[in-house]
Each structure stands twice: as C-alpha cells, then as structure tokens.
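Have a look at the structure below before the remarks.
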Amino acid sequence: MPRILFENVPKPLMNCMMQTEQHVKSLPVIDESFMEILRYHVSIINQCAYCIEMHFKEAIAAGEIELRIYASSTWREVNFYSESEQALLAWTESVTLLNDSTKQRQQSFDKLNKYFNQADIANLTLAIIQINAWNRLAKSFGFEAGTYQVGQH
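For the sequence shown, the positions run -11 to 141 when the numbering used here is used.
Rendered as structure tokens:
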C-alpha cells in the first residue's frame, strides 16, 4: 500500500524532479533506449520494483531488445554492449553504490573519459543521480509496481 500516492507528492518537489528529468531527457549524449537500460540497471541495484517495471517498459518502447535489458546486471559477462556502454555501466554502478574505492572510481572515470567529454560525463552523472533519487522516492513513498503504462510519467 502506498504511503504517499504519486499524485499527492508536493508540487514543488515534483516540479524540481520533473525539471531535472526534462534536462536529462534533452541530453543528446546517448540514445533513449540505452538511457532506459541505465535507469533499469540502477533500479535493479536499488531493488525498486516500481522503477524496474517502468524502465523495462520504457526501454522496450524506445526500441531496446529484452535481452540487453535483462542482461544489464551481468554486463561484464556478455558481449553485446559496446565499450562506451560498458564504461557507462561501470560508472553507473560506481555512482549508485558509492562503495567503490577511490582507485576503482578513478578507473571507472578514466574508462568513461575515453568516450565522453567532461560536460557529457557531468550530465550523465546527473542522469544517474536522478534515477537514484526517483528510486528512493518510489521506495520511500511505497509506489506500487504492476500498473505502469508507457509514457505515464
């Protein structure tokens, strides 16, 4: 049962989140389907059922194939992510988990820096932070999985 319904989240909070969301969606750095894989991957790490459902459906709607979505948690063991996607998945984990050593985080950053400039890295990091924030809101407020429709939010 939800503790706070999505529609009852205070408007200033939602406006802030949605303004950041619009900025993230406007980024031309990576395509929408892979952005949804990143959001799905973070949601798996954070065990946010509502966001897992949402971003799985949004990734499919954006043209992603199911196998690449499901395999995001085993990306190191499969060969169907590009090197830049692998670098971004590693950075996503580093930003999300926060338990990487300074050396591990630097290695992840250095790999990412081979494919993206600093402005792109900053914006991609914001995108990762944004889905982490959504996960925490959804879990804290008890948003329920099972009814999400593509494009709903």
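Here a beta-carbon is modelled for each residue, glycine too, at the ideal position from N, C-alpha and C.
None of the values given here were measured: they were computed from a predicted structure.
Inter-residue CB distance, residue i and residue j (contact presumed, cutoff 8 Å)
i    : j    : result
N34  : N105 : About 28 Å separates the two Cβ atoms, so there is no contact after all.
L76  : L112 : 7 Å
N120 : V12  : Actually they are not in contact, since the Cβ atoms of N120 and V12 sit about 12 Å apart, beyond 8 Å.
Residue i vs residue j beta-carbon contact at 8 Å
i    : j   : result
E65  : I25 : no
I40  : S60 : no
I48  : T80 : no
E132 : Y38 : yes
R56  : F44 : no
E20  : A50 : yes
G130 : M5  : no
E71  : F22 : no
Counted within 10 angstroms of its Cβ, other Cβ atoms place residue i as buried (16 or more) or exposed
i     : result
T90   : exposed
A107  : exposed
L(-7) : exposed
Y136  : buried
Every unbroken alpha helix (DSSP H) within the stretch 35 to 123, with a cutoff of 4 residues, ordered by chain: 37 to 49, 54 to 58, 71 to 85, 90 to 101
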